[in-house]
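In this note's numbering, the protein residues as written are 603 to 1461.
Beta carbons: idealized from backbone N, C-alpha and C, even for Gly.
Predicted model only: the values in this text are computed from it and were never measured.
Down below is the structure, laid out as structure tokens.
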Amino acid sequence: MRRQSVAAIAALLSAHAACVAAADTPASRVQKLLDSLTLQEKISLISGTGFGTRPIPRLGIPAMKMSDGPVGVRSPAPSTAYAAGVALAASWDTALANEVGTQIGRDARSRGVQFVLGPGANLYRAPMNGRNFEYLGEDPWLASRLAVGYIEGVQSLNVSATIKHFAGNDSEYARHTSDSTIDERTLREMYLPTFEAAVKEAHVGAVMSSYNLLNGERTTASAPLVRKILKGDWGFGGLYMSDWGATYDGVAAANAGLDLEMPSGRFMNAQTLEPAVRNGVVSESVIDDKVRRLLMLASRLGWLDGQPPDLSISRYNQGGREVARKGALESMVLLKNADGLLPLDIRKIRTIAVIGPNAHPAVASGGGSAHVIAFAPVSVLQGLSEKLGTDRTVTYARGVQTYRALALRTPFTTQRGGGSFGATVESFPEATFSGSPKSTRVERSFTIGAEGFGGDPDLLTLYDSLPPERASALLAPPESSRGPSFDRWTAWYDAAAAGPRTIFVQDTGGYRLLVDDEVVIDSAHIPKAMMRQTRRDLTAGPHKVVLEQTSGPDVGRAFMRVGIVESADLVDPVAKQLAAQADAVVVAVGFDSDLESEGGDREFSLPPGQDELIRQVAAANPNTLVVINSGGAVDVTPWIDSVKAVIEAWYPGQEGGAALAQLLTGETSPSGRLPISWERAVTDDPTFANYYYNDPMHPDRIRYQEGVFVGYRGFEHTGVKALFPFGYGLSYTSFKYSNLKVSPVSGGPDLYAVTFDVTNSGARAGADVAQIYVGAKSPRVPRPLRELKGFARVELRPGESQHVALTLNARSFAYYDVKGSRWRADAGEYRIDLGRSSEDIQASELLRLPRTLRIAVGD
Ligand code: BGC
């Protein structure tokens, strides 16, 4: 034993010495290591272990650690939570993206993390995608500029960024089985450019696969996507890793170009690959290429000799806090501001009511792997109270109860008009629910999930107010916290009086909910949202409520809740009273990490009760403003006309409350601009008809039939007006554009300079985002009317002007020519539009391309 370890140490030292010999280039050092590795060791390096790679101590190859991503270094927690990806996109600030990346790099170094699993770069195709908040909006040019900034920042600290999820992961429902079916032109023009820029410009260290299939193939085993496009066309020299559990076939994945299977070698393991190499099904050079990529990356970023946590960097990152605050501040979008309600005239205000489920505690980030537990996230309530100090009063009410409390409060009984509280659960062997159940049990409430109060203040209050026999059910452990997939829950709901009821189900699995034998929510084939709701008029008396669970959820059934609430009971009367007594009201609503998260989609409507809350508060106080947390557009039509101001705050990170207070009180003028188009009705979205499975012959296929006409490109194409267009956002000041000029850049082939001046024509300091769109006047193929190809965020004092110069290159005019397998910009006229949004065009110039330009996929 002892002799062995001495021998091992000697081998290690000699290998190490050999490797660091002065003459070694990185490539030769890596080659020597490769030559010293056994096949088994090589295979162990391409199959991860948890959040990291395996070490080879014999050769001094260290383990390399990973952490999610993308809005903070998630573990070890607590950490700094930055504004979400979509919020970063709303800042339109590439320098900020770089600062965020740099701070994330520091957070990683302080934790000994080599790979940050971010940025998220899938496209915002429709508001329902549960992971939109992680991504960078609907426009590939905007997204790619931010991704490049972020990656360069992270990698400047010698930490690898990992751009994800490659590719077509643009919805979260059924994400393991859905097949994104996207034609090549659309893929190249819309869904790939951010990845392409990350590879070609930012030299990203790693790319992560998606879960979904793309054009019929697993993206962990797709030679056309990985070998051809990623590594061939773009020359990606880094590491292509699988998403967690997205590998299904070791040999196919190995041959198609997957370099690292995460989180373990379930398929790319010695058992599969050793015989495959022996039999020639996988060449050893294919395995070598994967190992070389890992070791070269480690060499490039200085990890080959280990990169332990940098203890000189505090994990409580003060610089990170400042950047987090800047991110929150620059990203919030002022959507409406009637009668100049904002900034609040705090000289006249004595009392502000802060109301709503998102007012406190802070809603810093969405859910799933991107959720960061922050050190001290600042809530809206806290931020505003701290800002206003002791001279003014900030009152607070949650306004609507938590869904867990509402579900537990619903008096379900096991029998019509009686029995015990709870529901009868029958377990069936199949989703047809036919024949006799395998077993039957009684649950004491129509919920499964976390026990105890879980920091939930409403539950605690409920516990104190219920009769003991019901209160005890609150804390009883669920009989089955996971439950087999094919459970049928049956309960009775006794309506004391006839009237409207809000009925909701919170569950990420497949199910259907029936009331009196009628299906009222159908999530069986397409689990459309983690929280679904419907409103029904119920007669007085008992109603049968049945939930059939048809499939397990994507990430474990942590909880399932069913609730029925009388519409009149949704809103806390105290909230209305506080609203009536205040000089102004801030209503903080939206989603949170349970309601908008990886592993499922969300509804376009705000969660149950929130529309009602806003309406009732607005009726009590004319000076009502609404602040929304969401990863994208929500349905504001039920109340937008009755409130004066609306701010989209996204998931603003840990400093959100402080930043919001700064904006509300006018210390800073809002400068966020929408990185998405905001539809009036969800059906207005140009992708809506194609968002859910839409191929009758292939039930798991999502055909992107709208092609390149996504977001503003689609709204213009269909002629439907967005409620708030892409690029839109109000300010407390105003801006003017002048002197738009477009001219060829001398010396640069096919380069054009676009110059103009921006002037702050208002009375306050503020930042504007000037946007340059390009549109072909007579395109030879169907093309969007205009596409974003440049932008500039400029900060100006009142009266100040700034000259802006942007450059357009051949790609700015090009579409993807499928036949020619290259980019092509046809000779002819192009409109160069300077606008404040995709619809608010302030000036245009014409540019004539004298000849057709052809650009190779590798350029
Ligand atoms: C997510 C990835 C994440 C990984 C590790 C997966 O479920 O899709 O984005 O990086 O888990 O947490």
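Requested in this report: Could you have a look at E1441 and say whether DSSP puts it in helix, strand or coil?
Outcome: Here residue 1441 corresponds to residue number 839 of the sequence shown, with the count starting at 1. Three-state result, E1441: coil.
_Less than 6 angstroms separating the Cβ of S971 from some heavy atom of the ligand BGC?_
Here the question's residue 971 lines up with position 369 in the sequence shown. S971 Cβ: within cutoff of the ligand BGC.
- Message: Can you find the residues in the same chain that come closer than 6 angstroms, C-beta to C-beta, to D1461, ignoring five residues on each side of it along the sequence?
- Response: Within the sequence shown, residue 1461 is the residue found at index 859, counting from 1. The beta carbon of D1461 sits closer than 6 angstroms to no other beta carbon from its chain once the five residues preceding and following it are set aside.
* **Cβ contact check for the region 1264-1279 and the region 697-713: 3 or more pairs under 8 angstroms** => Result no; under three Cβ-Cβ pairs closer than 8 angstroms.
query = For L931, does the count of other Cβ atoms within 10 angstroms reach 16, so buried, or fall short, so exposed?
reply = Numbered from its first residue, the sequence shown carries residue 931 at position 329. The residue is buried, with at least 16 neighbouring Cβ atoms inside 10 Å.
- Item | Within 7 angstroms, strictly: CB atoms of V1002 and L1180 | Along the sequence shown, read from residue 1 onward, the residue named residue 1002 stands at position 400. Along the sequence shown, read from residue 1 onward, the residue named residue 1180 stands at position 578. Against a cut-off of 7 angstroms, the Cβ pair of L1180 and V1002 comes out as no contact.
Original post:
Going by Cα to Cα distance, which pick from V879, D1196, E886 is closest to Y1005?
Top reply: The residue given as residue 1005 occupies position 403 in the sequence shown. Nearest C-alpha to Y1005: D1196.
For the pair the region 720-736 and the region 661-673, tell me if three or more CB-CB distances fall below 8 angstroms.
The region 720-736 makes contact with the region 661-673: 3 or more CB pairs, one atom from each, lie closer than 8 angstroms.
| message | Which of the three DSSP states is assigned to N734 in this structure? | response | For this step, residue 734 is matched to residue 132 along the sequence shown. DSSP places N734 in helix when its eight states are reduced to three.
Query - the region 840-857 touching the region 788-798, judged by at least three CB pairs closer than 8 angstroms - result: Segments in contact, no.
Exercise. With distances taken between CB atoms, is the gap from L719 to L897 smaller than 7 angstroms?
Worked result: Working through the sequence shown from its first residue, we reach residue 719 at position 117. Working through the sequence shown from its first residue, we reach residue 897 at position 295. The answer is no: Cβ separation not under 7 angstroms.
ask   = Between T1042 and the rest of its own chain, which residues show a CB-CB distance below 8 angstroms, the 5 nearest in sequence each way excluded?
value = If you number the sequence shown from 1, residue 1042 lands on position 440. So the list reads T1026, V1027, E1028, S1029, once near-sequence residues are dropped.
Do you know whose CA, among F768, A878, T822, lies nearest V809's CA?
Start at 1 with the first residue of the sequence shown, and residue 809 comes out as number 207. Nearest of F768, A878, T822 to V809, Cα basis: F768.
Rounded distance between the beta-carbons of Y1354 and L1449, thought under 8 angstroms = Within the sequence shown, the letter at position 847 stands for residue 1449. Within the sequence shown, the letter at position 752 stands for residue 1354. L1449 to Y1354, Cβ: 6 angstroms. Contact.
request  = Along the beta strand (DSSP E) that carries S1403, what are the first and last residues, could you check?
outcome  = Counting from one through the sequence shown, the residue named residue 1403 turns up at place 801. Element bounds for S1403: 1403-1410.
> Excluding the five sequence neighbours on either side, which residues of its own chain have a C-beta within less than 6 angstroms of the C-beta of A1458, listed in chain order?
Replying inline: Here residue 1458 refers to the residue found at position 856 when the sequence shown is read from its first residue. Once the five neighbours on either side are set aside, the close Cβ partners of A1458 are R1424.
Is there at least one non-hydrogen atom of the ligand BGC closer than 6 angstroms to the beta-carbon of L719? As a working mapping, residue 719 is identified with position 117 in the sequence shown. At least one heavy atom of the ligand BGC is nearer than 6 angstroms to the Cβ of L719, so yes.
**Request:** Could you tell me the distance, in whole angstroms, from the CA atom of W1094 to the CA atom of F1106?
**Result:** Mapped onto the sequence shown, residue 1094 falls at position 492. Mapped onto the sequence shown, residue 1106 falls at position 504. One alpha carbon belongs to W1094, the other to F1106, and they sit about 15 angstroms apart.
Check your understanding: Would you call the region 741-760 and the region 1202-1220 in contact, with 3 or more CB pairs under 8 angstroms?
Key -> With a cut-off of 8 angstroms, the region 1202-1220 and the region 741-760 do not count as touching, because too few Cβ pairs lie within range.
- Message: Report the CB separation of V893 from I648 in whole angstroms; it is logged as a contact under 8 angstroms.
- Response: As a first step, residue 893 must be located in the sequence shown, where it is residue number 291. As a first step, residue 648 must be located in the sequence shown, where it is residue number 46. Between I648 and V893 the Cβ distance is about 7 angstroms, and since that is below 8 angstroms, they are a contact.
- Message: Under 6 angstroms: does the beta carbon of D670 sit that close to some heavy atom of the ligand BGC?
- Response: Here residue 670 is taken as the residue at index 68 of the sequence shown, counted from 1. Within the chosen limit of 6 angstroms, the ligand BGC reaches the beta carbon of D670 through at least one heavy atom.
(Q) What would DSSP say about E1318, mapped onto helix, strand or coil? (A) Numbered from 1 along the sequence shown, position 716 holds the residue referred to as residue 1318. E1318 carries a helical assignment under DSSP once its states are collapsed to helix, strand and coil.
inquiry  = My assumption, with CB atoms under 8 angstroms, is that A1190 sits in contact with V1229. Please give the rounded CB distance.
reply    = Taking the first residue of the sequence shown as position 1, residue 1190 is located at position 588. Taking the first residue of the sequence shown as position 1, residue 1229 is located at position 627. A1190 to V1229, Cβ: 5 angstroms. Contact.
To which residues of the same chain is A728 closer than 6 angstroms at the C-beta, ignoring the five residues directly before and after it? Here residue 728 corresponds to residue number 126 of the sequence shown, with the count starting at 1. Once the five neighbours on either side are set aside, the close Cβ partners of A728 are D1287, T1289, Y1293.
Report task. Count the CB pairs spanning the region 754-770 and the region 1261-1271 that are closer than 8 angstroms, and state whether there are at least three. Result -> In this structure the region 754-770 does not lie against the region 1261-1271, because fewer than three pairs of beta carbons, one per stretch, are closer than 8 angstroms.
Legend entry - Distance cut-off 6 angstroms: G1425 Cβ against heavy atoms of the ligand BGC: Your numbering for residue 1425 matches position 823 in the sequence shown. According to the sequence as given, residue 1425 is Trp; it is not Gly. Every heavy atom of the ligand BGC is 6 angstroms or more from the Cβ of W1425, so no.
Per-residue DSSP class, three states only, for D637 = Stepping through the sequence shown from its first residue, residue 637 is reached at position 35. If DSSP states are grouped into helix, strand and coil, D637 belongs with the helices.
task: Take the Cβ of T1141 as the centre, count every other Cβ of all protein chains shown within 10 Å, and call the residue buried at 16 or more, exposed below.
output: Here the question's residue 1141 lines up with position 539 in the sequence shown. Looking at its Cβ environment, which holds fewer than 16 other Cβ atoms inside 10 Å, T1141 is exposed.
- Would you kindly report the start and end of the unbroken beta strand (DSSP E) that includes Y850? As a working note, residue 850 is residue 248 in the sequence shown. Y850 -> no beta strand (DSSP E), and no H or E assigned at all.
Beta-carbon contacts of V1121 that lie in its chain and below 6 angstroms, excluding the five residues immediately before and after | Position 519 of the sequence shown, counting from 1, holds the residue named residue 1121. In the same chain as V1121, and ignoring 5 residues on each side of it, the C-beta atoms closer than 6 angstroms to its own belong to R1114, in chain order.
Practice problem: Over the uninterrupted alpha helix (DSSP H) stretch that includes T704, give me the two end residues. | Solution: Within the sequence shown, numbered from 1, the residue matching residue 704 stands at position 102. From DSSP, the alpha helix (DSSP H) with T704 extends over 696-712.
Checklist line | I1105, enclosing beta strand (DSSP E) - first and last residue | finding: Here residue 1105 corresponds to residue number 503 of the sequence shown, with the count starting at 1. Where I1105 is concerned, the enclosing beta strand (DSSP E) stretches over 1101-1108.
- [ ] Jot down the residue ranges of each uninterrupted beta strand (DSSP E) in the region 1271-1351, minimum 3 residues, whole runs only, in chain order.
- [x] Complete beta strand (DSSP E) runs here, min 3: 1303-1305, 1337-1346.
Exercise. How would you call V1236, buried or exposed, if buried means at least 16 neighbouring beta carbons within 10 angstroms?
Worked result: Within the sequence shown, numbered from 1, the residue matching residue 1236 stands at position 634. By the 16-neighbour rule on beta-carbons within 10 angstroms, V1236 is buried.
Just to confirm before moving on: does the CB-CB distance between K1246 and L943 stay below 7 angstroms? Within the sequence shown, numbered from 1, the residue matching residue 1246 stands at position 644. Within the sequence shown, numbered from 1, the residue matching residue 943 stands at position 341. Contact flag set, yes.
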